[in-house]
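Below: one structure, written as structure tokens.
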Amino acid sequence: MLYIFQQYLITFGWAVVGAIAMAIGLAVLLKIFFWLTPIDEWEEIKKGNIAMAIILVAVVLGAALVIGLIVMA
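The sequence shown begins at 135 in this note's numbering and counts up one residue at a time.
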């Protein structure tokens, strides 16, 4: 029973590490993306610019895929 509980704790620990790595990676990516683009993305989204929202979602999902694969390696 103790072995199973220990394995659950290890798995939970790795999940926390993965979540932290994902959060840091996405934060850095978005800062770089906002720095490289000449427009204010959030203002465009607030105005109802669906194309900008789709681009931002594509950037986040692409980065999440890459970061997730790196964490799993």
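Glycine included, each C-beta is placed from N, C-alpha and C at the ideal position.
Worksheet item: Expressed to the nearest angstrom, what Euclidean distance is found between the alpha-carbon atoms of Leu143 and Val205?
Response: Position 9 of the sequence shown, counted from the start, is the residue given in the question as residue 143. Position 71 of the sequence shown, counted from the start, is the residue given in the question as residue 205. Looking at the backbone, the Cα of Leu143 and that of Val205 are separated by about 18 Å.
Worksheet entry | Lys165 to Val194 span [Cα, whole Å] | Taking the sequence shown and counting its residues from 1, the one referred to as residue 165 is at position 31. Taking the sequence shown and counting its residues from 1, the one referred to as residue 194 is at position 60. Approximately 12 Å, taken between the alpha carbons.
Discussion item. I believe Ala198 touches Met156 by the beta-carbon criterion, under 8 Å. Please report the beta-carbon distance rounded to the nearest angstrom.
Written reply: In the sequence shown, the residue the question calls residue 198 occupies position 64. In the sequence shown, the residue the question calls residue 156 occupies position 22. Confirmed, about 7 Å.
Practice prompt. Rounded to whole angstroms, what's the CA-CA distance from Ile138 to Gly152? Just pull it up for me.
Written response: As a working mapping, residue 138 is identified with position 4 in the sequence shown. As a working mapping, residue 152 is identified with position 18 in the sequence shown. Distance between the alpha carbons of Ile138 and Gly152 is about 21 Å.
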